[in-house]
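These protein sequences, in sequence, are chains X and R. The first sequence runs 1 to 480 under UniProt numbering. The second sequence runs 1 to 394 under UniProt numbering. We put the CB at the ideal spot given by N, CA and C, even for glycine. One structure is given here, and the rest of the page talks about it.
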Amino acid sequence: MNTAQLLSCTRLAFQSLNVICKRSFWVSQCMMASRHTNAKRIEGLDKNVWVAFTSVAADPSIVNLGQGYPDIPPPSYIKEGLAKAASVDKMNQYTRGFGHPSLVKALSQVYGKVYGRPIDPLNEILVTVGGYGSLFSTIQALVEEGDEVIIIEPFFDCYVPMVRMAGAKPVLIPLRCSKKQFITSADWKLDPDELSSKFNSKTKAIIINNPNNPLGKVFTRDELQTIANLCIEHDVLCFSDEVYEWITYKGHQHIKIATLPEMWDRTITISSAGKTFSVTGWKLGWSIGPEHLVKHLQTVMQNTLYTCATPLQEAVAQGLLLNFDLMGQPECYFTSLADELQEKRDRLANIVQAAGMTPVIPEGGYFMLVDVTSLNQDLSHMVEDESYDYKFVKWMIKEKKLAAIPVTAFVGDDSKKHFEKYIRLCFIKVIKYSISSISVFCGEENRNLLFFCFFWGFFCHQQQDSTLEAAGNILKNWKI
Amino acid sequence: MSRPLNARRTHGVDKNVWVEFTQLAADYKPVNLGQGFPDFSPPPFIQEAFCKAVSGGPSMHQYTRAFGHPPLVKIGAYQALFSACQAVVDDGDEVIVVEPFFDCYKPMVLMAGGTPVYVPLRPSSSIQSSGDWVLSAEELSSKITPRTKAIMINTPNNPLGKVFKTEELQMIADLCIKHNLLCISDEVYEWLTYDGAEHVKIASLPGMWERTITIGSAGKTFSATGWKVGWAIGSRHVMKYIKTIHQNTVYHCATAAQEAVAHGFDREYELFGTPESYFQQLPALLQQKRKRLALCLESVGLKPIMPEGGYFIMADISSFNDENTKDEPYDFRFVKWLIKEKGLATIPVSAFYSSEHSKDFEKYIRFCFVKDSTLNDAEAILRKWSQEQQNSSM
Chain X
1 MNTAQLLSCT RLAFQSLNVI CKRSFWVSQC MMASRHTNAK RIEGLDKNVW VAFTSVAADP
61 SIVNLGQGYP DIPPPSYIKE GLAKAASVDK MNQYTRGFGH PSLVKALSQV YGKVYGRPID
121 PLNEILVTVG GYGSLFSTIQ ALVEEGDEVI IIEPFFDCYV PMVRMAGAKP VLIPLRCSKK
181 QFITSADWKL DPDELSSKFN SKTKAIIINN PNNPLGKVFT RDELQTIANL CIEHDVLCFS
241 DEVYEWITYK GHQHIKIATL PEMWDRTITI SSAGKTFSVT GWKLGWSIGP EHLVKHLQTV
301 MQNTLYTCAT PLQEAVAQGL LLNFDLMGQP ECYFTSLADE LQEKRDRLAN IVQAAGMTPV
361 IPEGGYFMLV DVTSLNQDLS HMVEDESYDY KFVKWMIKEK KLAAIPVTAF VGDDSKKHFE
421 KYIRLCFIKV IKYSISSISV FCGEENRNLL FFCFFWGFFC HQQQDSTLEA AGNILKNWKI
Chain R
1 MSRPLNARRT HGVDKNVWVE FTQLAADYKP VNLGQGFPDF SPPPFIQEAF CKAVSGGPSM
61 HQYTRAFGHP PLVKIGAYQA LFSACQAVVD DGDEVIVVEP FFDCYKPMVL MAGGTPVYVP
121 LRPSSSIQSS GDWVLSAEEL SSKITPRTKA IMINTPNNPL GKVFKTEELQ MIADLCIKHN
181 LLCISDEVYE WLTYDGAEHV KIASLPGMWE RTITIGSAGK TFSATGWKVG WAIGSRHVMK
241 YIKTIHQNTV YHCATAAQEA VAHGFDREYE LFGTPESYFQ QLPALLQQKR KRLALCLESV
301 GLKPIMPEGG YFIMADISSF NDENTKDEPY DFRFVKWLIK EKGLATIPVS AFYSSEHSKD
361 FEKYIRFCFV KDSTLNDAEA ILRKWSQEQQ NSSM
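So, in structure tokens, the structure goes:
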């Protein structure tokens with residue numbers, strides 16, 4: 001056989017082998033597909049509003065008021081604390097699984113004061129991967145097949161899939177609003193009889209989010225007492241997601257349901273370093289509660305992640321101690337952040353109103369619901385089987401380069417029709433020349449108001465390129 | 001509440017060898033060669049990358065892409081393992097676990113509703129090296145049933161240090177393909193092999209890519225265990241299930257740490273195969289430490305099993321006869337004695353075995369040699385101990 005023949009044969013052999021390989025690969029894929037599907041616990045949990053919208057909004061030409069993270073810088077001491085921690089050798093190695101000692105001690109100090117009771121750093125606190133990780137370990141520890149868990153709508157979207165992953169049934173109840181004008185999040189309330197009807201012998205827990213995302217509602221003491229009474233009457237646990245605990249606006253006070261009589265022993269309270277210090281990318285949170293509950297969360301932790309990152313925990317500990325000393329003073333970040341955000345909230349509300357939309361003024365948190373009904377935007381050309389707000393946000397991203405989050409992502413199917421005219425805007429964003437940006441929606445008569453706000457904004461905030469400014473520009477040019 | 005308080009998935013997985021021995025270490029403050037983390041710093045280039053990330057713009061401190069900054073990143077290999085189990089193991093599935101196993105595999109399989117089925121590595125006639133511990137193909141094959149979903153391997157192995165050879169992995173791969181099993185391959189120590197042993201990825205064997213999830217760790221790669229950055233790598237159709245788990249459990253991992261690790265890999269990619277590469281320097285450094293510790297252990301009558309890879313060295317303690325019969329396994333008793341009487345902390349190896357097989361392996365303890373000053377202190381203790389033995393035999 002000469003070289004050419006050899007090469008030819010080899011080529012043929014490889015081609016045949018290629019076909020055989022592809023065929024057996026295909027066959028093996030079929031076999032794989034039939035045998036190796038997902039575990040049942042994740043059935044139907046693959047869709048996720050963030051996954052859907054974050055990648056779209058990541059396009060740098062899109063102004064993103066969607067996902068809830070700050071583009072304001074975190075306090076400099078917190079970043080310096082992290083760099084300092086990382087320069088210490090042992091801070092780069094494993095620490096205590098249930099929480100770095102200096103962090104749990106700092107948490108015990110701060111929350112001991114807030115709760116008005118001593119909190120055992122080793123047994124009543126678990127440090128987790130963000131508020132998200134805290135929710136996960138709480139639900140995995142205490143909820144299982146056969147249980148029902150009451151969730152208040154609108155809810156942070158992960159509650160339902162986490163309850164379902166634990167094999168339990170989510171039972172939904174909506175906050176409802178009867179007012180038509182000048183609406184704040186306080187006007188959205190639970191019907192006590194309706195709430196009571198959701199409790200039964202299978203109810204294991206109720207999840208509340210206070211301040212609420214996306215609505216911004218800060219529950220009053222009476223409202224919390226109504227929930228607490230039902231928990232006590234039916235012997236039900238309470239998982240209280242309080243990641244926005246420090247962000248309440250003037251006239252509203254954050255109350256911990258765990259501080260109501262007989263609630264400490266049945267409540268897990270969830271918090272977030274990311275939201276507390278504007279460092280969402282650090283992914284640290286904590287659960288606080290009685291030892292007989294927290295110990296089960298610790299079991300989950302030791303079998304899932306084991307421990308959280310050490311230098312981050314050290315830096316958060318230092319940040320907490322610094323602010324503990326400042327508590328009650330205007331320089332304390334726990335209050336100064338809320339003051340800073342209140343201005344942004346008010347400014348965004350004015351812009352949105354002037355543009356002809358209806359904001360729901362939040363009492364707390366990072367977000368504002370905006371009713372877009374009055375825009376009467378025709379979306380009949382969008383034929384996907386989706387609720388109006390999903391279509392509106394997709395249309396707005398594509399046509400106006402402005403991103404928001406559709407609010408029906410935060411409710412169950414039965415409530416969608418009550419929420420599909422709302423979008424959620426995040427306002428923990430840098431403002432500069434904000435007003436002109438959002439004025440696009442409005443008519444000529446409102447421009448003066450807007451320009452006043454523009455100059456006011458200009459003098460108040462000497463910062464860099466701003467998301468709110470860019471958003472404002474888009475809204476100003478909406479009708480062009 | 002008439003129902004049990006805590007979910008059934010937390011039953012029986014609350015005890016943990018680390019909790020027990022970390023507490024002892026805190027009480028007695030021994031020289032700690034127990035838990036597996038370096039006592040020296042990560043390399044300067046990675047610390048600098050972290051500091052640079054930290055002082056970067058605000059975006060460094062906010063959420064990043066959920067599925068990794070890229071690729072699919074987890075909170076340490078630990079969470080990658082957990083996600084893999086949650087993604088593919090269902091109630092009633094069996095998962096074959098090769099012993100000795102990193103202790104979290106068992107509770108993770110149990111939490112997913114699965115049943116761990118154990119197959120031990122057994123020492124062949126000579127037990128000088130981790131390479132002498134082998135799996136029996138017949139024994140492994142006999143453990144496979146219609147319910148078997150996956151096999152979990154760890155190479156290089158913790159605690160033994162075995163680096164599975166290609167033919168050994170091929171034997172496992174053949175069974176995976178024949179019985180249509182998944183493979184979860186924990187390769188956190190992939191860069192740490194000694195004496196020229198070659199780390200082979202089972203996913204690279206024919207027919208294995210589409211059925212293997214490979215787990216890696218920045219903590220072990222860059223000596224920064226406290227950063228808790230790890231990853232899972234696999235074919236698209238398996239990874240999509242892990243992504244679903246991820247988005248419903250933690251959703252994101254810390255941004256700055258991922259950024260720093262990315263820079264670390266960029267640097268290593270450029271320097272791959274050169275003497276400046278950390279992936280060359282670290283194993284070379286650790287090989288020396290391994291040798292030092294092994295000599296010290298021998299001098300006191302502890303018989304080391306030389307590991308081909310990883311952070312740890314096992315030692316046979318059977319020359320220290322203990323006539324007392326107790327409820328506790330021999331290695332557990334020995335470790336406690338060593339902490340209290342010699343001020344030296346280690347980990348009992350039967351903690352890495354199922355109750356079915358642990359009795360056969362109670363005569364081994366595990367030392368971590370990825371230490372600097374702690375190793376010096378340990379050597380002093382062992383030298384003193386050796387001296388005492390010589391004196392008492394005179």
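At a cut-off of 7 Å between beta carbons, residue 41 of chain R contacts chain X. Residues of chain R whose Cβ lies closer than 8 Å to the Cβ of residue 136 of chain X are, in chain order, 248, 249 and 250.
For residue 64 of chain R, no alpha helix (DSSP H) run applies, since DSSP gives it neither H nor E. Residue 391 of chain R sits exposed, since fewer than 16 C-beta atoms from the chains shown fall within 10 Å of its C-beta.
When C-beta distances to chain R are compared with 7 Å, the residues of the segment 131-164 of chain X below that value are 132, 133, 136, 140, 141, 142, 143, 144, 158, 161 and 162, in chain order. The beta carbon of residue 129 of chain R sits closer than 7 Å to the beta carbons of 305, 306 and 308 from its chain, once the five residues preceding and following it are set aside; these are given in chain order.
By the Cβ-count criterion, residue 60 of chain R is buried, with 16 or more other Cβ atoms from all chains shown falling within 10 Å of its own Cβ.
Not a single CB atom of chain R sits nearer than 7 Å to the CB of residue 246 of chain X. If only complete runs of 3 or more residues are kept, the segment 108-178 of chain R shows the beta strand (DSSP E) at 115-120 and 148-154, in order along the chain. Assignment of beta-bridge partners to residue 205 of chain X by DSSP yields X:149 and X:237. Comparing alpha carbon positions, the residue from X:466, X:198 and X:263 closest to residue 225 of chain X is X:263. Bridge pairing for residue 31 of chain R: R:344 [DSSP]. At a Cβ-Cβ threshold of 7 Å, residue 39 of chain R and residue 372 of chain R count as neighbours. Just measuring C-alpha positions, the residue of R:16, R:52 and R:291 sitting nearest residue 35 of chain R is R:16. With a threshold of 7 Å between beta carbons, residue 14 of chain R makes contact with chain X. Residue 226 of chain R is bridged by DSSP to nothing; it lacks a bridge partner.
Scanning X:269, X:278 and X:404 for the CA closest to the CA of residue 56 of chain X turns up X:404.
If you check the CB distance, residue 352 of chain R and residue 107 of chain R do not come in under 7 Å. Put simply, the backbone Cα of residue 122 of chain R is about 5 Å away from that of residue 133 of chain R. Here the alpha carbon of residue 426 of chain X sits roughly 30 Å from the alpha carbon of residue 140 of chain X. In this structure, residue 146 of chain R keeps its C-beta atom at 7 Å or more from the C-beta atom of residue 189 of chain R.
For residue 40 of chain R, the three-state secondary structure derived from DSSP is coil. For residue 227 of chain R, the chain X residues whose C-beta falls within less than 8 Å of its own C-beta are 92, 309, 310 and 311, listed in chain order. At a cut-off of 7 Å between beta carbons, residue 267 of chain R makes no contact with chain X. Residue 90 of chain R belongs to the set of residues whose beta carbon lies under 7 Å from a beta carbon in chain X. Residue 8 of chain R sits in a helix when the DSSP states are folded into three classes. For residue 246 of chain X, the secondary structure class from DSSP, reduced to helix, strand or coil, is coil. Residue burial annotation: residue 85 of chain X is buried, with at least 16 other C-beta atoms found within 10 angstroms of its C-beta. Taking a Cβ-Cβ threshold of 8 Å, the residues of chain X close to residue 5 of chain R are 142, 292, 293 and 296, in chain order.
DSSP places residue 274 of chain X inside the alpha helix (DSSP H), whose first and last residues are 273-276. It is roughly 8 Å from the alpha-carbon of residue 78 of chain X to the alpha-carbon of residue 318 of chain X. Contiguous alpha helix (DSSP H) elements confined to the segment 53-127 of chain X occur at 76-86 and 101-115, taking only those with 4 or more residues. For residue 75 of chain X, not one C-beta of chain R is nearer than 7 Å to its own C-beta. Shortest Cα-Cα distance from residue 271 of chain X to any of X:407, X:289 and X:261 involves X:289. In this structure, the beta-carbon distance from residue 283 of chain R to residue 192 of chain R falls below 7 Å. Taking 8 Å as the upper bound for CB-CB distance, residue 253 of chain X and residue 95 of chain X are not in contact here, some 35 Å apart.
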